[in-house]
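Working notes for the structure below.
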Amino acid sequence: MMRALTLLTGLALGLFGQTKIPPIWPQIQGTFPHGGQRGTSVTVTLSGRNLQGAKELVFASAKLRGEIVKAEAYRVVAKITLAADTEPGRHDFRLLCGHGSAIGYFDVNTLAERSEKEPNDSREKAEGLVFPALVNGILKAGDYDYFRFEAKAGERLTFDVLATRNGANTDAVIGVLDGQGAELAYSDDYYGFKDPHVVFHAPQDGAYYLRVYGSSEAGSDVSDYRLVAGRMPHVDLSMPAGGRQGETVELELRGVNLGGVKRVTLGDGMAEGEVLRTSGDRARVRLAVPKGLRLGEHRLHVDGATMPVPFVVSQYREVDVSDGSARNRRDPKPVDLPVVANGVLDRAKATDFFVFRVEEAKTIVLDVEGMQLGYLTDPMVILYDDAGKRLAYQDDPTTNTGKEPANLDPHLVFRLPKAGRYVAAVRDAQFRGDPSFLYRLTIKEAKPDFSVKVVGTDDTLYRGRDNVVLVRVRRLEGWTSPVEVWAENLPAGVTVKPVVAEPKNTPYTGTCGETHYLDGTNVEVVFRVSGDAPLELGQVRFMGRGVMDGETVVRTGKARYFRNRVRFIGDAEEELLRVTVADAPGVVLTVPETMRLDAKGQTKFTAIVTRLDSGKDTLELTLEAATAGLLMEVRPVAVTDTRAEVVVRAAEKAPGEFVLVGRVGGVVVGRSHPIQVRRGGM
Ligand SMILES: [Ca+2]
Ligand SMILES: [Ca+2]
Ligand SMILES: [Ca+2]
């Protein structure tokens, strides 16, 4: 979640310049358990900062209901009720507080769940697993979680740890050990964002161990994970990975333990597939794609499988070349445009070639989906003329520096100079290959278009100020005109002036000072909030409009997960931006969460003082809600000071808690979050 860059309006005589508001909005860092079994109720603890006053927990799906049980600054306890027909997989929720909202993710499964029981740090203390198992765990720093299981020779068992894919900050590793503790299988990062996955082939009958731990032994009190283990089916991909609206498609699911697959469902019960035949690692399924189904990515669920696989609903003819029928450069696969080719770059250097004809000069687009669907493919496309001369190629549409969300999927737009035959090729940019390197290549005549994406999902809009929300316009299929961006459905007292995104990608500076470009244009949309706007929650819709070749195109914006909070990218379930109209405090006091007393029962810290009031008078700091026996020493903070050195003494040397309060002229202008005082040590 990227927050508004809050600027000041200068209404108050321009005294405070452009003070940036420190992060005083709610932030969720951990969720435990990070999911639940559908048809049950679960008590969940959300850990984070600035969670005080949480009023509601709302889900995008009506099948899930949240109820706040208890709300404190660092912790919210909520009860979540899951309807029996909730779609399995990840669901967005929002925690709504008076001072802002935060997005979180909740995983829904069909399996009965339990939590790990510490201590389980060695084989001797391993917990028994009964398959299928779903265990919720926490990886503290240096933590090892051992589980014991029985397997028969030749059995294939799936171990999957769901953590970063839920937004958890857990970089988990798993290892499978034999009865004597020798490691037989290992996985650190299997999925794009560091979650591990192992399919274990048991070499003989007997007892084995599974070990879950943090990469480099990293972990924390809020590093949660969900372990799914058993003889369950696991699907790597569906081939083809999409189907055309209103058509019936025959799919091959590829994975392990697919022999018993009986039920395949598209999305939230939108279509049921008919299982035609199965073998151990394949299942053939006939699926009628409903005519009115929304275009784009959906989830395909296999009953009992660990995870759904992506399935894209398209409006073009789909072909499957995963049988290797496009592998030969001298004998490329003939296709008619428009077409979506589905393939797998299954081995190193694998390249698929397609030949097509155009009857006149025209602009075409070669668009690949790979990474966007969650696969580790880094696809690139190359375009040749009939004589084999390379006309154009594209690897990534943006420079991927790690500073901005990555996009590895090419979108190449090219003007074919004349009628004739052309060849398009797709391969991994580094010539890597793997049976899971799926791609979907769309080749079609370009029809200029654009997308509007909000950079983030939640924002707090402060009264009496201008608040900036970043919106990214991405030009597609050769769009070269300006796009006007505006916002609708605004809360009372909030106004927004339309902004124009010029057809130029936004530059940004890399870590070494070099210049890079985004794959789109960021515009700053300014939300001016009057001083008397009602304090309320709202949902804002962004819109974009542009004219090209005499045609007006209007698009609705979509809120997008932002990399800093969530390790995955993509559109949030709700397309509207959640906003909260709130008052900025007169002062923000940034303080540590925890202090430890020294041998004399004393501790000190520096409070960072950000004045957001007119700042003409000295700030007095006092202690509030103090546990008995806590005393504080601090000097008044002069208007020009941004730091305050605070000394705290505890008569009892016992744990306690206090809040730092800022007053100007006797009036409270701000409070810190609670500071826990603990007994000595580090
Ligand atoms: Ca643990
Ligand atoms: Ca442990
Ligand atoms: Ca990992």
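In my numbering, the protein residues as written are 71 to 752.
For every residue, glycine included, the Cβ atom is placed at its ideal position computed from N, Cα and C.
**Request:** Would you identify the three-state DSSP class for Met450, choosing helix, strand or coil?
**Result:** Note: Met450 maps to strand in three-state DSSP.
**Asked** Can you tell me whether DSSP reads Thr234 as helix, strand or coil?
**Response** Thr234 carries a helical assignment under DSSP once its states are collapsed to helix, strand and coil.
**Message:** Does chain B have any CB closer than 7 Å to the CB of Glu322?
**Reply:** Absence of chain B from the displayed structure is noted, only one protein chain being present.
**Request:** Compute the minimum distance between the beta carbon of Asp416 and the heavy atoms of ligand 3, and state whether it is under 6 Å.
**Result:** Asp416: no, Cβ never under 6 Å from ligand 3.
**Request:** Leaving aside the five residues before and after Val738 along the sequence, list all residues of the same chain whose C-beta is less than 8 Å from its C-beta, in chain order.
**Result:** In chain order, Val731 and Gly732 place their CB closer than 8 Å to the CB of Val738, counting only its own chain and leaving out the 5 sequence neighbours on each side.
**Message:** Just checking Lys264 against ligand 4 - is the residue's beta carbon closer than 6 Å to any of the ligand's heavy atoms?
**Reply:** No copy of ligand 4 occurs in the structure displayed; its ligands are ligand 1, ligand 2 and ligand 3 alone.
**Request:** Leaving aside the five residues before and after Gly616 along the sequence, list all residues of the same chain whose C-beta is less than 8 Å from its C-beta, in chain order.
**Result:** So the list reads Phe520, Trp549, Ser551, Pro552, Val553, Glu554, Thr622 and Val623, once near-sequence residues are dropped.
**Asked** Thinking C-beta only, is Val496 closer than 7 Å to Leu451?
**Response** Residue identity differs from the one stated: residue 451 is Val in this sequence, not Leu. In contact: Val451 and Val496 (Cβ atoms closer than 7 Å).
**Contacting residues, own chain, Cβ-Cβ under 6 Å from Val704 (five flanking each side not counted)** = Here the set comprises Leu691, Ala714 and Val716.
**Message:** To the nearest angstrom, how far is the alpha carbon of Arg399 from that of Leu307?
**Reply:** Using only the alpha carbons, I get a separation of about 26 Å.
**Message:** Could you give the first and the last residue of the continuous beta strand (DSSP E) run that contains Pro380?
**Reply:** For Pro380, the enclosing beta strand (DSSP E) begins and ends at Val379 to Ser384.
**Prompt:** For Arg719, which residues of its own chain have a beta-carbon under 7 Å away from its beta-carbon, when the five flanking residues on both sides are left out?
**Reply:** Result list for Arg719: Gly671, Gln672 and Leu701, in chain order.
**Prompt:** Near Leu540, which residues of its chain fall below 8 Å by C-beta distance, leaving aside the five closest residues on each side in sequence?
**Reply:** Only residues of its own chain outside the window of five on either side were considered, and among them Met72, Leu75, Val524, Val525, Gly526, Asn592, Val593, Glu594 and Val595 have a CB closer than 8 Å to the CB of Leu540, listed in chain order.
**Message:** I need the DSSP call for Ser185, collapsed to helix, strand or coil.
**Reply:** Secondary structure at Ser185: strand, using DSSP grouped into helix, strand and coil.
**Request:** With hydrogens ignored, establish whether the beta-carbon of Ile208 is closer than 6 Å to any heavy atom of ligand 1.
**Result:** For ligand 1, at least one heavy atom lies less than 6 Å from the Cβ of Ile208.
**Asked** Within 6 Å: the Cβ of Ala14 and any heavy atom of ligand 3?
**Response** Nothing can be reported for residue 14, as the shown portion of the chain is limited to 71 through 752.
**Message:** Suppose you measure from the CA of Glu584 to the CA of Glu474; what does that come to, to the nearest Å?
**Reply:** In a straight line, the C-alpha of Glu584 is about 14 Å away from that of Glu474.
**Item:** Check: Ala242 C-beta below 6 Å from any heavy atom of ligand 3
**Value:** With a threshold of 6 Å, the Cβ atom of Ala242 counts as near ligand 3, since some heavy atom of the ligand is closer than that.
**Item:** Residue closest to Asp437, alpha-carbon to alpha-carbon, out of Tyr463, Asp416, Ile513 and Thr421
**Value:** Closest option to Asp437, Cα to Cα, is Ile513.
**Asked** Which partner residues of Asp641 appear in the DSSP bridge assignment?
**Response** Under DSSP, the beta-bridge partners assigned to Asp641 are Arg630.
**Request:** Report yes if the C-beta of Asp215 is less than 6 Å from at least one heavy atom of ligand 1; otherwise report no.
**Result:** Asp215 Cβ: within cutoff of ligand 1.
**Request:** Taking 8 Å as the threshold, find out whether the stretch 363-370 comes into contact with the stretch 403-415 through three or more Cβ pairs.
**Result:** The stretch 363-370 makes no contact with the stretch 403-415, as fewer than three CB pairs between them are under 8 Å.
**Own chain residues within Cβ distance below 7 Å of Arg356, not counting five before or after** = Excluding the 5 residues flanking it on each side, Arg356 has same chain C-beta neighbours closer than 7 Å at Thr318, Glu320, Gly343, Glu344 and Leu346, in chain order.
**Contact between the stretch 149-169 and the stretch 102-110 (3+ Cβ pairs under 8 Å)** = Three or more Cβ pairs drawn from the stretch 149-169 and the stretch 102-110 lie within less than 8 Å of each other, which places the two stretches in contact.
**Item:** Collapsed DSSP secondary structure at Lys149 in the structure displayed
**Value:** If DSSP states are grouped into helix, strand and coil, Lys149 belongs with the strands.
**Asked** Below 7 Å between beta carbons: does that hold for Phe219 and Ala196?
**Response** In this structure, Ala196 does not lie closer than 7 Å to Phe219 by Cβ.
**Request:** Tell me whether Glu142 sits in a helix, a strand or coil according to DSSP, three-state version.
**Result:** If DSSP states are grouped into helix, strand and coil, Glu142 belongs with coil.
**Prompt:** Considering only the beta carbon of each residue, do Ala389 and Pro303 sit closer than 7 Å?
**Reply:** For the sequence presented, residue 389 should be read as Val rather than Ala. Judged by their CB atoms, Val389 and Pro303 are not nearer to each other than the 7 Å cut-off.
**Request:** Flag Glu188 as yes when its Cβ comes closer than 6 Å to any non-hydrogen atom of ligand 2, and as no otherwise.
**Result:** Correct: Glu188 has its Cβ closer than 6 Å to ligand 2.
**Among Thr335, Ala476, Ala489 and Glu188, nearest to Tyr631 - alpha-carbon criterion** = Nearest to Tyr631 by alpha-carbon distance, out of Thr335, Ala476, Ala489 and Glu188, is Ala476.
**Message:** When you measure from the CB of Ser285 to every non-hydrogen atom of ligand 3, does any distance come out below 6 Å?
**Reply:** Checking every heavy atom of ligand 3 against the Cβ of Ser285, one is found closer than 6 Å.
**Prompt:** How many angstroms separate the CA atom of Val636 from the CA atom of Ser293?
**Reply:** Low per-residue confidence applies at Val636: pLDDT is 43, beneath 50, and the placement is therefore not dependable, though the value from the model is reported in the following sentence. Cα to Cα, Val636 sits roughly 14 Å from Ser293.
**Asked** Distance, Cα to Cα, Thr579 vs Pro449?
**Response** Taking the straight line joining both Cα atoms gives about 25 Å.
**Asked** Helix or strand or just coil, what does DSSP make of Met441?
**Response** In the three-state scheme derived from DSSP, where H, G and I count as helix and E and B as strand, Met441 is classed as helix.
**Request:** Would you grab the beta carbon distance between Leu323 and Ala353 for me? Rounded to a whole angstrom, and I think it's under 8 Å.
**Result:** Yes, they are in contact, since the Cβ atoms of Leu323 and Ala353 sit about 4 Å apart, within 8 Å.
**Asked** Ends of the beta strand (DSSP E) at Met702?
**Response** Here the beta strand (DSSP E) through Met702 covers Leu700 to Glu703.
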